[in-house]
Each structure stands twice: as C-alpha cells, then as structure tokens.
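Enquirer: Have a look at the structure that comes next, please.
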Amino acid sequence: MRYLKKVVVVLLTLVIFFDMLAIVFSFFTKNRLLNEKVYFEVLKRNGVYKLISKEASEELKKFIEEKKIKGFMVEEYIDESFVEANVNRLIYGFIDYFTKTEGEIPRISLSLDKELINKVDDYYIKQGKTLSDKEIKVLEKLGTEINSVVEDKINVKFAEEIERNEALVLARDVINNLYKNLNFYIFILLAGLSTLFFMTNYRGFKILSLELFVSGMFLAIPFYTLYYTRYFSLLKIDEAVIKDILYELLNSFSLYIANAGLVFVIISIPIYYIYRMYKTR
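And the structure:
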C-alpha cells in the first residue's frame, strides 16, 4: 500500500510539473503570442507601415505614369494609415487562423479599381466629357492591375506555404489548445494539488516548493540565456527590417517566459519555509 502511494505521488508530481508549464505557455500564448497589440507596436516601432506605404506608392505611381492615367492621385489612397489598416487586418487574420476561428490565412483584397473608375470619371466630367463603355472596361482592367500592385506589397506571399507546412499545422494545433484550455489547466493544477496535500499532508509544501523551483529553473535558465546572449540577432535574414522585427518579437517572448520562470523560483522559497515551519512544530 505504501509503495502504491509513492507511485501515485510521483505520478501526481509529474502531472503537476507539466501542468505548470502548460499554464505558463497558455498565459504566454494569450498575452504575447496571439496578442495583436504586441505585433502592432513592433511593426510601428520598426517603421513597417511607413516603409510599405512608400514602396507601394512608388510602384503605383510608376504604373500610373506608364499607363498615362489622369485624375487618380496615389497620395489620396496609399498612405501610412491605409497600409496600417490593411496590415492589421492581416494580423487579425493570422491570429484567427492559429486559434482556428478561420480555416485559412486571409489575403487582403482591395477596392482601388472602383476608386480609380470614380476618380477618372470625375476628372472627365470636369473636362466636359463622359467615359465610354470601352474606356470603362480598360479602366476596370487597369484597376485590377492596380489592386495587384498594392496587394503584392501588403499580402504575406508565403501564406500558402504556411498552410501546407505539416510542422506549422501541428504547431497550430498546439497553440490552439494552449490558447483555449487555460481554465482546464488551472482546474487540473488545483485538483492535483488537493490530492497531493490530501495524500502527503504538510510534506505537500516541500513537493510543491520543489516543483516550482525545478519548473522555474527549467524556464528561466534557457530563456534568459537566449535573451541575454542576443541569440536571435544571429538569425540569417537578408531583409534588415524583417530581421529586426523577428529579433524584437523573439527576444520579448523569451523574456516573458524567463520572467515567469523567475516568479516560480521566488514563490518556491516561502513555500519551502512553510514546510520547514510545519516540520519543526
């Protein structure tokens, strides 16, 4: 009977250990990994919206000059706020994809073709002219091309590759479970601790203290190492802006997890002293 009790305690200890890790990563997923505000702030700090709007405007101006389109001013449509709104829509879409709210990664679809026809029509009216059906068809075709010019700058070109990548599909399942099951993990932790203390009495404080210390070190040591050694700055990416964004995101993710581990280690100390207090009674 005593042997069986020890086995049950060991199993409970393992369940609690992994459940604690699951809780940390669940909080991380909700507050960092799938928090759209984190990405908005990083993109803004690194000037991504401004860069994309500049590149898209230049491409579109070149296109309009080549096609000799009159009455359509790029500056009225392709500015930083326009790009920010559409890039943010993509980020929301990515988050919905990883939480399985959506079945696929979205692609931005613009309506600049309609704006083009309206603006050119207004321009013609001011000149005392009207657009013929043939001219409207030409503008519709040009509008489709204009949409493509801008959409290519905003859309994530590797979206289809992500959807087909088996490793990322598996990661999506894991992330989705972490995101949605926080309450379940907390319930398991409370049930496990209740059973542990019921079976071990005050010695449960010693086991809990050890659990917190080990899981805390398990999180803190590797992730603080990644953060303070600036490991992610070694990423081999040609695009400087993308590299800076990834570095900032991965570094902040590492620090979040490492700090959670440090909190566990700190909490383990008073819990151990509670055990010592009970033991010396």
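So for the sequence shown, my numbering puts the first residue at 3; every next one is plus one. All C-beta atoms in this analysis are idealised placements derived from N, C-alpha and C, irrespective of residue type, glycine included.
1. Please confirm if the segment 191-209 is in contact with the segment 36-43, defined as three or more CB-CB distances below 8 Å between the two stretches.
2. Rounded to whole angstroms, what's the CA-CA distance from residue 91 to residue 51? Just pull it up for me.
3. Are the segment 122-129 and the segment 206-215 in contact at 8 Å, needing three or more beta carbon pairs?
4. Can you say whether residue 85 is buried or exposed, counting buried as having 16 or more other CB atoms within 10 angstroms of its CB?
5. Can you name the start and end residues of the alpha helix (DSSP H) that residue 86 belongs to?
6. Would the segment 179-196 count as touching the segment 234-242 if we require 3 or more Cβ pairs under 8 Å?
7. Contact between the segment 23-42 and the segment 174-187 is defined here as three or more beta-carbon pairs at a separation below 8 Å; is this criterion met?
8. For residue 271 versus residue 210, is the C-beta distance shorter than 9 Å?
9. Which class does residue 237 belong to by DSSP, given the choice of helix, strand or coil?
10. Roughly how many angstroms separate the alpha carbons of residue 228 and residue 261, rounded to a whole number?
11. I believe residue 213 touches residue 18 by the beta-carbon criterion, under 8 Å. Please report the beta-carbon distance rounded to the nearest angstrom.
12. Going by alpha carbons, who is nearest to residue 291 out of 27, 12, 10, 14?
13. So for residue 228, helix, strand or coil by DSSP?
14. If you follow the alpha helix (DSSP H) that residue 273 is in, where does it begin and where does it stop?
15. Do you know how far the Cα of residue 37 is from the Cα of residue 280?
16. Looking at the unbroken alpha helix (DSSP H) that takes in residue 194, where does it start and where does it end?
17. If we ignore side chains and look at the alpha-carbon of each, how far apart do residue 222 and residue 68 end up?
18. How about residue 23 and residue 217: are their beta carbons less than 9 Å apart?
19. In three-state terms, what does DSSP make of residue 36?
Expert: Taking the geometry as given:
1. No: fewer than three Cβ pairs fall under 8 Å.
2. Pairing residue 91 with residue 51, the inter-Cα distance amounts to about 13 Å.
3. Cβ pair count under 8 Å is below three, so no.
4. Residue environment for residue 85: buried (at least 16 other C-beta atoms within 10 angstroms of its C-beta).
5. Residues 82-100.
6. Counting C-beta pairs closer than 8 Å gives fewer than three between the segment 179-196 and the segment 234-242, which falls short of the contact rule.
7. Yes, the segment 23-42 is in contact with the segment 174-187.
8. Result no, Cβ atoms of residue 271 and residue 210 do not sit closer than 9 Å.
9. Collapsing the DSSP output to three states places residue 237 in coil.
10. Rounded to the nearest angstrom, the two C-alpha atoms are 13 Å apart.
11. Contact flag correct, Cβ pair sits at about 6 Å.
12. For the chain, the structure presents residues 3 to 283; residue 291 sits outside this window and is missing.
13. Correct three-state label for residue 228: helix.
14. Unbroken alpha helix (DSSP H) run through residue 273: 242-281.
15. Going from the Cα of residue 280 to the Cα of residue 37 covers about 43 Å.
16. Under the DSSP assignment, residue 194 falls in the alpha helix (DSSP H) whose first and last residues are 184-202.
17. For residue 222 and residue 68, the distance between alpha carbons rounds to 57 Å.
18. Contact check for residue 23 against residue 217 passes: the beta carbons are separated by less than 9 Å.
19. If DSSP states are grouped into helix, strand and coil, residue 36 belongs with coil.
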